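Only one structure is covered here, and it is reproduced in the block below.
Chains as they are written, first to last, in the UniProt record's numbering: chain A, 1 to 304; chain B, 1 to 271.
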C-alpha cells in the first residue's frame, strides 16, 4: 500500500511524467492528429452523404479495399483559379509583412529607447487594440473606407480630392486591414530584441566617428535580425491563410486561398477538395514554420 | 544629429494614430442617431438600447463568455504544465516534440486549424461515438488547444527568469517538489498566470474562423453572430457593441496596470 502511494506521490518521477504527458497528449490529439486526418480526406472523393466523403479503407469480399483518389489534386492543377489564389496569398503576405516591418521597426525602436517607466505604458498602448475584438477593428475600416465613409468625407471636405476614392473592396483595403491587424505582432518581438541591445556598441562606433544612421545600419539593424525574423514569421504565416480580412474588406476579385478554402468547404460542401487545399497550404508553410520553431526554441533555451 | 530617434518618435505616433483612430471612429458613430453610419444626425444612445434588446446577440454574448472562461482555465492549466516541462525538466524524451506542438499553433492559419479539427471530430464520432454533436464543447476543445500555446509562451518566459534559489531553499527545508512549486513558485509567477489567462480569454472571445468550423447548430458564439451581421453591411448596433468591448478592455487593462504599478512602488518602499 505504501509502495503504491509512493508511486503516485506528487513530485516523484511519476508526477514529472504526468506534467510532460498531459499537455503533450492534448496537443498531439487535438493539434497534430487532425493533420493526418486532413491528409486522409484529401485523398477521398466527395460524396453526397454524411460525412460527405468516401471511405479510404473498406472491407468487401473478404479483402481490404484501399481507395486512394488523386482527383482533387488533378482538379486543382486544371483550374487556374487555385494557382492564382495561392500566388496571390503569398504575394499579399509578403507585401503586408514588409509594410508591418516598415512601420513596426521604428515603433519598436522608439519604445526600446524610451525611459524604463514609459516603456511599459507604450507597450500597453500597442497591445491594447489587439485585446479588443479583431473582427470589430476590421469592421471599423468598412466605415472608414466606404465611398461615403469617414476618410472620403474628410478628404472631400479638405479639398484634397473632388470625387470619392473607391478603396473598399479593393486590394488596397485588404493591405490596410492586414497591416492594421498584425502590426502588434511585429512590434512585440522587435521590441523584445531591441531592448536587450548593449548601448556601448553604439557609443563606441560614435566615438570612432560614425554618424547616427551609419551606426544604426552597421550595428543595431544586423543585431536585431532575430527579432525581424520572429516578427516577420508571426505576420507572414497566418496572413497566407487569412480569411476574415479579405472577405470583409476585399472585393470579389481579391482571391486568396483562405477564402477559396472556406467557399469549397461551406458553400460547395466539398470537404475533400478543401482538405487538399489545406494540405498544399501546409506544405507551402512548412519552411517558414520550421524557421519560426527554430527561433522560438532559441528563445526558450536562451538565458536559462 | 539625433536622426534615428526623432524619426522613430515620429513614426511611433503616426503608428499610434493608425491603431487608435479607427477605434475612435467606431465609438463616435455608435452615438449617431442615423442608421446610415456615415451621416451624422445628432447624438443618441438608442443603438445601445437596440443592442440590449437583441436577444440573439445577447445570448451569444453569454455563450461566448462561458466558452472563453473554460478555455482560459484549461489553457492556463495545460500551459503551466508545458512551461514547467520546457523550462525546468532539462532534456527529456519528447522535449523537441513538445516545443513544436507549442510553437506551431502560434502561427498556424485559422482555416487550417478549424478544418483539421472539424475533420477530427467527425472521424471521432464515426469511430468512438464522441462527440455526439458539435457545439460549445467542441469549440471549447478547439479554443483550449490554441490558447494553450499562447499561455505557454507567456508563462514560460516568466518561469525562465525566475530565481531558482527560493525553490532550492524550500526543498532543502524538506518540501516536496510539488509543495515547493505550489507554495514558492506559484505565488511568484501569479502575475504571468493572470496575464496568460486574460490573453487566452480574449483570444477565445475573438475567434470567428475556428469556431465557425467546429460549431454545430444552435451554438453560435458572439463573433459568429457579429461576422454574419457585418457581412451584410454596417450596423450601428455593432458600433455600440464595439464601444462596450473597448471600454471594458481599457478598464481591465488600466486596473491591471495600476495594480502592478502599486505593487512595484510598495516593493521599492520596502527596500
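Note that beta-carbon positions come from the ideal geometry of N, C-alpha and C, so glycine has one too. Please read these numbers as outputs of a predicted model, since none were measured by experiment.
{"Asked": "Would the beta-carbon of residue 239(A) fall within 9 Å of that of residue 132(A)?", "Found": "no"}
{"Asked": "Tell me the DSSP bridge mates of residue 318(A)?", "Found": "Since the first residue shown for chain A is 1 and the last is 304, residue 318(A) is missing from the structure and cannot be characterised."}
{"Asked": "Do you know how far the Cα of residue 263(B) is from the Cα of residue 270(B)?", "Found": "10 Å"}
{"Asked": "For chain B, check one thing: does any of its Cβ atoms lie closer than 9 Å to the Cβ of residue 299(A)?", "Found": "yes"}
{"Asked": "Taking residue 297(A) as the reference, give the member of 160(B), 55(B), 21(B) with the closest Cα.", "Found": "160(B)"}
{"Asked": "Select from 134(A), 126(A), 41(A), 249(A) the residue whose C-alpha is nearest the C-alpha of residue 189(A).", "Found": "126(A)"}
{"Asked": "Could you name the residues of the same chain whose beta carbon sits closer than 7 Å to that of residue 247(A), not counting the 5 residues immediately before and after it, in chain order?", "Found": "259"}
{"Asked": "Strictly under 9 Å for the Cβ-Cβ distance: is residue 9(B) near chain A by that measure?", "Found": "yes"}
{"Asked": "Output the distance between the C-alpha atoms of residue 46(A) and residue 150(B), rounded to the nearest integer angstrom.", "Found": "36 Å"}
{"Asked": "Taking the alpha carbon of residue 294(A) as the reference point, which residue from 107(A), 92(A), 227(A), 261(A) has its own alpha carbon closest?", "Found": "227(A)"}
{"Asked": "Which ranges does the alpha helix (DSSP H) cover as unbroken runs of at least 4 residues, wholly within the segment 129-201 of chain A, from first to last along the chain?", "Found": "134-145, 150-158, 171-194"}
{"Asked": "Only counting the same chain, and skipping five residues up and downstream in sequence, which positions put a Cβ closer than 7 Å to that of residue 243(A)?", "Found": "258, 259, 262"}
{"Asked": "Any idea which residues DSSP pairs residue 86(A) with across the strands?", "Found": "Answer is none; residue 86(A) lacks a bridge partner."}
{"Asked": "Do residue 223(B) and residue 207(B) have their beta-carbon atoms positioned less than 9 Å apart in this structure?", "Found": "yes"}
{"Asked": "Name the residues in the segment 205-233 of chain B whose C-beta lies less than 9 Å from a C-beta of chain A; which are they?", "Found": "205, 206, 207, 208, 209, 212, 213, 222, 223, 226, 227, 230, 231, 233"}
{"Asked": "Using a Cβ-Cβ distance cut-off of 9 Å, determine whether residue 156(A) contacts chain B.", "Found": "no"}
{"Asked": "In the DSSP output, what is residue 314(A) paired with across the bridge?", "Found": "One cannot answer for residue 314(A) here, as it falls past the ends of chain A, which runs 1 to 304."}
{"Asked": "Going along chain A, which residues have a C-beta under 9 Å from residue 257(B)?", "Found": "120, 121, 124"}
{"Asked": "Leaving out the 5 sequence neighbours to the left and right, which residues in its chain are closer than 6 Å to residue 191(A) when beta-carbon positions are compared?", "Found": "108, 111, 112"}
{"Asked": "Compare the C-beta of residue 1(B) against all C-beta atoms of chain A and say whether one is closer than 9 Å.", "Found": "Its pLDDT being 43, under 50, residue 1(B) is placed unreliably by the model, and the measurement read from it follows with that caveat. Output row for residue 1(B): interface = yes."}
{"Asked": "Give a yes or no on whether the minimum CB-CB distance between residue 250(B) and chain A is below 9 Å.", "Found": "yes"}
{"Asked": "When Cβ atoms are compared, which residues of the segment 95-106 of chain B fall closer than 9 Å to chain A?", "Found": "95, 96, 97, 98, 99, 100, 101, 102, 103, 104, 105, 106"}
{"Asked": "Looking at residue 63(B) and residue 304(B), is the spacing between their C-beta atoms short of 9 Å?", "Found": "Chain B is shown only over 1 to 271; residue 304(B) falls outside these bounds and no answer can be derived."}
{"Asked": "Apart from the five residues just before and just after residue 7(B), which ones in its own chain have a Cβ nearer than 6 Å to its Cβ?", "Found": "none"}
{"Asked": "Taking DSSP as the reference, what is the three-state secondary structure of residue 130(B)?", "Found": "coil"}
{"Asked": "I want to verify the contact list: residues of chain B whose CB lies under 7 Å from the CB of residue 16(A), in sequence order.", "Found": "89"}
{"Asked": "Nearest CA to the CA of residue 196(B): which residue from 156(B), 104(B), 25(B), 34(B)?", "Found": "156(B)"}
{"Asked": "Between residue 186(A) and residue 123(A), is the Cβ-Cβ spacing less than 9 Å?", "Found": "no"}
{"Asked": "For the alpha helix (DSSP H) containing residue 108(B), list its first residue and its last residue.", "Found": "Premise fails: residue 108(B) is in no alpha helix (DSSP H) and is neither H nor E."}
{"Asked": "Since residue 17(A) is in the alpha helix (DSSP H), which residue starts that stretch and which ends it?", "Found": "13-27"}
{"Asked": "Between the C-alpha atoms of residue 128(B) and residue 182(B), what's the straight-line distance to the nearest angstrom?", "Found": "37 Å"}
{"Asked": "Could you compute how far the alpha carbon of residue 245(A) sits from the alpha carbon of residue 50(A)?", "Found": "31 Å"}
{"Asked": "So which of 107(B), 236(B), 15(B) has the shortest CA-CA distance to residue 106(A)?", "Found": "15(B)"}
{"Asked": "How about residue 30(A) and residue 61(B): are their beta carbons less than 9 Å apart?", "Found": "no"}
{"Asked": "Which same chain residues end up closer than 8 Å to residue 278(A) when comparing Cβ atoms and leaving out the 5 residues on each side of it in sequence?", "Found": "38, 42, 261"}
{"Asked": "Given a threshold of 16 other Cβ atoms within 10 Å of its Cβ, counted over all protein chains shown, does residue 286(A) qualify as buried or as exposed?", "Found": "exposed"}
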